[in-house]
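First to last, the protein sequences are chains A and B.
First residue of the first sequence: 1, per my numbering; consecutive thereafter.
First residue of the second sequence: 1001, per my numbering; consecutive thereafter.
Just so it is clear, CB atoms sit at the ideal spot from N, CA and C, and this is done for glycine as well.
All values derive from a computational prediction rather than experimental measurement.
The structure appears below as structure tokens.
2 protein chains.
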Amino acid sequence: MSDALSLDALIHALKRLPGVGIKSAQRMAFHLLQHDRNAALVLARTLEQAVHNVRHCERCHTFTEAAVCATCLDAQRDHRKLCVVETPADQAALERTSAYRGLYFVLMGKLSPLDGVGPHDIGLKKLFERALDGSVQEVILATNFTAEGETTAHVISEGLKARGLLVTRLARGVPAGSELEYVDLGTIAHALVDRR
Amino acid sequence: MSDALSLDALIHALKRLPGVGIKSAQRMAFHLLQHDRNAALVLARTLEQAVHNVRHCERCHTFTEAAVCATCLDAQRDHRKLCVVETPADQAALERTSAYRGLYFVLMGKLSPLDGVGPHDIGLKKLFERALDGSVQEVILATNFTAEGETTAHVISEGLKARGLLVTRLARGVPAGSELEYVDLGTIAHALVDRR
């Protein structure tokens, strides 16, 4: 394929997508050029439009095309509650439960010292300003229950509690529908400690 | 993410890539917009350029930016041998062996009746014209050793043998470096039949 430089460049660009190696990139490029050139043009256009239009909400930091996202502007929501999540996908998962009607703050990342991600790389300063603007009474930490997510939750919790704010964390426990026999020991231990 | 229409459109476009589901598409879009907007723009540009520049070689049907690809124009190659492969990636695998110095014909697909891919959808007519243009003395079938690849090889073989051409097939057998104990029965059976 040495005399198709555009093809080599396309494969190289596809390889920069997360989770895509050289074989997948080749298969994608082959598929697009052989079977679906329209999809390639649509993808090119949507990439440019997204880069041009998508920015961060001034209040909650999630992706939006307006200055402030629709969720933050929703007067029906409980503005006294602020739920902190790592990504827009996590926010979407919480929204699907219909069990929460407060506002969000989306970190767009997590503390990960091993990868060089510190407090300045995720929006911690912005979160603290937002949480302490006077309207928020409770901050609910819904970062993931991974090592990095727990660390992030801990750092936020310490910082906000010191300033006198009520800070809670999503409950840890046995997942709905699961049998104890197949649940890992750490989860059962947490469920015992947090029993009610 | 309902008020970021460009983001939804991008996720939808990424989902059209082969092997990419909704979760992967979301992760890709998030990564590009949050961490690597430059990669997004590069990908958009290379997609457009590839769609615009890449076409099929008039002689061997592979991807190229010229009318005839560099391989077909190479006077050092043995123009009496024509090796038939399914994809440019298969051609590249054969080239890496340095064991073949003839020409190629790239089908850009394989016969797959269950998926509605018939002789007209892959370049069989063009292959027959090419193989019977007077310069080719041997056609080497290097389609994959899958059900579809074998069917494709069989159809080509029948068609060309009827026209008096020498048609050969890559040898089936035990892969180099493998232990018989771990080789599947079908492969061992073929290696027995094709022993030499």
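Would you mind stating whether residue i and residue j have Cβ atoms separated by less than 8 angstroms?
i	j	result
A/E148	A/L111	yes
B/A1131	B/L1165	yes
B/L1103	B/C1057	no
A/R16	B/P1018	no
B/V1084	B/I1140	yes
A/F105	A/L127	yes
A/F63	B/A1004	yes
A/A142	A/L185	no
A/S6	B/V1054	yes
A/V183	A/V193	no
A/R101	A/D78	yes
B/L1043	A/L47	yes
A/E86	A/N144	yes
B/Q1137	B/R1080	yes
B/R1037	A/V117	no
A/V155	A/P119	yes
A/Q91	B/A1009	no
The ligand PLP heavy atoms versus the CB of residue i: any closer than 7 angstroms?
i	result
B/P1175	This structure simply doesn't include the ligand PLP, nor any ligand for that matter.
So with CB distances below 7 angstroms, who are the chain A contacts of residue i?
i	result
B/F1063	M1, A4, L7, L33
B/S1024	G19
Using a Cβ-Cβ cut-off of 8 angstroms, state whether residue i counts as contacting chain B.
i	result
A/N144	no
A/A39	yes
A/D36	yes
A/R27	yes
A/E48	yes
A/F105	no
A/F128	no
A/V155	no
A/V54	yes
Starting from the beta carbon of residue i, find every residue of chain A whose beta carbon is closer than 9 angstroms, and list them in chain order.
i	result
B/V1042	A9, H12, A13, R16
Under 6 angstroms Cβ to Cβ from residue i, same chain only, skipping five residues before and after it: list those, please.
i	result
B/H1190	R1172
B/L1170	A1142
A/T168	I140
A/T152	K110, L111, T143
Answer yes or no: does any C-beta atom of chain A fall closer than 8 angstroms to that of residue i?
i	result
B/V1051	yes
B/A1089	yes
Skipping 5 residues on each side, what residues in its chain have a beta carbon closer than 7 angstroms to that of residue i?
i	result
A/A39	L32
A/I11	A25, Q26, A29
B/C1069	C1057, C1060, T1062
B/A999	This structure cannot speak to residue 999 of chain B, because chain B is shown only from 1001 to 1196.
Can you list, in chain order, the residues of its chain with a C-beta nearer than 8 angstroms to that of residue i? Leave out the 5 residues immediately preceding and following it.
i	result
A/L180	V174, I188
A/T76	In the sequence under discussion, the amino acid at residue 76 of chain A is Gln, which differs from the Thr named in the question. Once the five neighbours on either side are set aside, the close Cβ partners of A/Q76 are R101.
A/K161	V167
B/R1196	none
A/V20	L14, M28
A/S178	none
Q. Where in the region 1013 to 1082 of chain B do unbroken runs of the beta strand (DSSP E), each at least 3 residues long, occur, reported from the N-terminal end onward?
A. Counting only runs of 3+ residues, no beta strand (DSSP E) is found wholly inside the region 1013 to 1082 of chain B.
(Q) Going residue by residue through the region 120 to 162 of chain A, where are the continuous beta strand (DSSP E) segments of at least 3 residues, counting only ones entirely within it? (A) Correct list: 138 to 141.
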